[in-house]
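Peer 1: Position one of the sequence shown corresponds to residue 0 (numbering that gives the first Met the number 0), numbered consecutively onward. Note that beta-carbon positions come from the ideal geometry of N, C-alpha and C, so glycine has one too. Keep in mind the model is a prediction, meaning the values are calculated, not measured. To start, I am sharing the structure in question, which I have written as C-alpha cells.
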Amino acid sequence: MFEEVQIGRATLYLGDCRDILPTLPKVDAVVTDPPYGIGKDGQLRTTGGNGGRKAYDFLGWDAERPSAETFKMLLAAAPQAVIWGGNYFADLLPATGKWLVWDKGQRINQSDGELAWTSRNGALRIKTLNRVELMTDGAEHPTQKPVRLIKWCIEQLEDEPAILLDPFMGSGTTGVAAVQMGRDFIGIEREPKYFEIACRRIEQAQRQGDMFIEGAST
Numbered sequence: 000m001f002e003e004v005q006i007g008r009a010t011l012y013l014g015d016c017r018d019i020l021p022t023l024p025k026v027d028a029v030v031t032d033p034p035y036g037i038g039k040d041g042q043l044r045t046t047g048g049n050g051g052r053k054a055y056d057f058l059g060w061d062a063e064r065p066s067a068e069t070f071k072m073l074l075a076a077a078p079q080a081v082i083w084g085g086n087y088f089a090d091l092l093p094a095t096g097k098w099l100v101w102d103k104g105q106r107i108n109q110s111d112g113e114l115a116w117t118s119r120n121g122a123l124r125i126k127t128l129n130r131v132e133l134m135t136d137g138a139e140h141p142t143q144k145p146v147r148l149i150k151w152c153i154e155q156l157e158d159e160p161a162i163l164l165d166p167f168m169g170s171g172t173t174g175v176a177a178v179q180m181g182r183d184f185i186g187i188e189r190e191p192k193y194f195e196i197a198c199r200r201i202e203q204a205q206r207q208g209d210m211f212i213e214g215a216s217t
C-alpha cells in the first residue's frame with residue numbers, strides 16, 4: 000500500500016520504492032541519492048567554530064545499502080541515471096567513465112566531497128559548491144544536497160530529459176530542481192516525516208514558478 004500526491008507536474012509516492020517502481024512507466028532519467036548503509040540517517044546537534052551541525056532523528060533508513068535487485072530496478076527505470084554515493088555501490092553498478100564530483104568547498108572534519116556514478120561514458124566532471132549553500136536552501140535532511148548541485152547533475156545528462164525519477168526522494172531536492180527547470184518529476188519516499196517535507200518544498204517551488212510565469216505574462 001502507498002499514498003500518491005500530485006503537485007503540479009510532480010507525482011509523489013509515500014511508500015517503498017521496491018513496491019512502487021514495478022508499477023511505474025519508464026522515465027527519461029533517474030537522479031537519486033540512495034542510502035549508503037553507513038548509519039547517517041540522523042545526527043546529534045553539535046556546536047563549534049564552523050557553526051556546528053543541526054540535529055536529526057535517527058530513523059534507521061541508512062542501516063544498509065539497497066540490494067542488487069533494487070539497483071537493477073533503478074537502472075531498468077530509465078535509459079540514463081545519476082546515482083550519488085556511487086563509491087559505496089561500485090560492485091553493483093556497471094563500469095562507466097563519467098563520474099561526477101561534488102567538491103564541498105570546505106576542508107573541515109567531514110568529507111571534502113562526494114561522488115556520483117552516472118550511466119554515461121565521458122570525462123569526469125567536478126562541481127565546486129560550498130556546502131554552506133544548504134543553509135540557504137533550508138537544510139531539513141541529514142544527507143541533503145544543494146538544489147544547484149542537482150540541477151548541475153541534470154544538465155550532465157543527454158537530450159534534456161523531460162521526466163525525472165528519484166526513488167529515494169528524502170526531503171525532495173531532486174523534485175525542487177526538476178520543477179524549477181520545468182521538468183516532470185516522480186518521487187518516492189518511505190519515511191512519512193521526509194515525505195511531508197518533500198511535498199511542502201516541491202509545492203513551494205511549484206508556486207514560485209507559477210508566480211514567475213504569471214508575472215511575466217502581465
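(1) Which residue comes first and which comes last in the alpha helix (DSSP H) that contains Asp183?
(2) Can you grab the Cα-Cα spacing for the pair Ser118 / Leu11, in whole Å?
(3) Going by DSSP, what residue range makes up the alpha helix (DSSP H) through Gln179?
(4) Do you know whose CA, among Asp111, Trp83, Ala122, Gly84, lies nearest Thr95's CA?
(5) Who are the near neighbours of Asp15 in its chain, counting only those whose CB is closer than 6 Å to its CB and skipping five residues on each side?
(6) Helix, strand or coil for Val131 per DSSP?
(7) Over the uninterrupted alpha helix (DSSP H) stretch that includes Ile162, give me the two end residues.
(8) Which word fits Ile37, buried or exposed, when buried means at least 16 other C-beta atoms lie within 10 angstroms of its C-beta?
(9) Starting from Val26, trace the beta strand (DSSP E) in both directions and tell me its first and last residue.
(10) Tell me which residue opens and which closes the alpha helix (DSSP H) that Thr69 is part of.
(11) Is it buried or exposed, Ala9, if we count other Cβ atoms within 10 angstroms and call 16 or more buried?
Peer 2: Walking through what the data contain:
(1) On the sequence shown, residue 183 is found 184 positions in, with the first residue counted as 1. Where Asp183 is concerned, there is no enclosing alpha helix (DSSP H), although the beta strand (DSSP E) it sits in stretches over 183-188.
(2) Residue mapping note: residue 118 aligns to position 119 of the sequence shown, counting from 1. Residue mapping note: residue 11 aligns to position 12 of the sequence shown, counting from 1. About 24 Å.
(3) Stepping through the sequence shown from its first residue, residue 179 is reached at position 180. It spans 172-179 - the alpha helix (DSSP H) in which Gln179 sits, taken as one unbroken run.
(4) Residue mapping note: residue 95 aligns to position 96 of the sequence shown, counting from 1. Checking every option, the nearest Cα to that of Thr95 belongs to Ala122.
(5) The residue you call residue 15 lines up with position 16 of the sequence shown. For Asp15, where only same-chain residues beyond five positions count, the Cβ hits under 6 Å are Arg189.
(6) Start at 1 with the first residue of the sequence shown, and residue 131 comes out as number 132. In this structure, Val131 counts as coil in the three-state DSSP scheme.
(7) Counting from one through the sequence shown, the residue named residue 162 turns up at place 163. Note, Ile162: premise wrong, no alpha helix (DSSP H); beta strand (DSSP E) at 162-165.
(8) What you label residue 37 is simply residue 38 of the sequence shown in a count that begins at 1. Counting Cβ neighbours within 10 Å, Ile37 comes out exposed, since fewer than 16 surround it.
(9) Your numbering for residue 26 matches position 27 in the sequence shown. No beta strand (DSSP E) contains Val26, which DSSP labels as neither H nor E.
(10) Taking the first residue of the sequence shown as 1, we reach residue 69 at position 70. Segment 67-75, the alpha helix (DSSP H) holding Thr69.
(11) Start at 1 with the first residue of the sequence shown, and residue 9 comes out as number 10. Looking at its Cβ environment, which holds 16 or more other Cβ atoms inside 10 Å, Ala9 is buried.
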